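In the numbering used here, the protein residues as written are 770 to 900.
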Amino acid sequence: MPYDSPEAWVKSVAETAAGCNAYPLTAPEGAAPPFVTYGLDTVERPEQTAGLTGFADGQFVLQVYADSYSAVVAASNALRAALHNFSGTAGSVTIDRTYVSGPVDRDYITLEGRDRPTFVRELTVDIRWRE
């Protein structure tokens, strides 16, 4: 599958690794777990004395939602394995390196229309890509 942005690559890897849908920022109303949300938290474009380096350093935050703690752990472990230490070309995106930190357990939530808790785990993915 061709990727034209780091966001598209993150979405595709998240859906493949976790085996569920991945949504930018928030899940649509009525989405049932398991699912992943992702968003670009920060981007920096390093400069050298001759100008921009041609790379962007971005930090993505992924949150995994599941009906049980064991399911959220399994999905976040699969995401970490798929996203950590990747380098290469994904479609038209050249990724220099990735680094995953976390996971961090978040308080469980109760999604609208559901009567049981949804467990949440967060991963942070630092990605350096060529622009």
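A virtual CB, placed ideally from N, CA and C, is assigned to each residue, including glycine. No experiment lies behind these values; they were computed from the predicted model shown.
Give the secondary structure of residue i by DSSP, where H, G and I count as helix, E and B as strand, and everything else as coil.
i, result
"valine 894", "strand"
"alanine 796", "coil"
"proline 771", "Interpretation of proline 771 is limited by its pLDDT of 45, a score under 50 that renders its predicted location unreliable; the figure taken from the coordinates is listed afterwards. It is coil, neither helix nor strand."
Following the continuous alpha helix (DSSP H) through residue i, name the residue where it begins and the one where it ends.
i, result
"glutamate 776", "775-787"
What is the residue span of the beta strand (DSSP E) that residue i lies within?
i, result
"aspartate 836", "Taken as a continuous stretch (DSSP letters only), aspartate 836 belongs to no beta strand (DSSP E), as it is neither H nor E."
"alanine 801", "Alanine 801 -> no beta strand (DSSP E), and no H or E assigned at all."
"proline 815", "From DSSP, proline 815 is part of no beta strand (DSSP E); its letter is neither H nor E."
"alanine 791", "790-793"
By DSSP's criteria, residue i is part of a beta bridge. Which residues make up the other side?
i, result
"glycine 808", "Val830"
"valine 841", "In DSSP, valine 841 forms no bridge with anything."
Since residue i and residue j should fall inside the 8 Å C-beta cutoff, what is the C-beta to C-beta distance between them, to a whole number of angstroms?
i, j, result
"threonine 858", "tryptophan 898", "The pair is not a contact, with the Cβ atoms about 10 Å apart (cut-off 8 Å)."
### Query
Mind pulling the alpha helix (DSSP H) runs of 4 or more residues that sit fully within the stretch 847-887?
none
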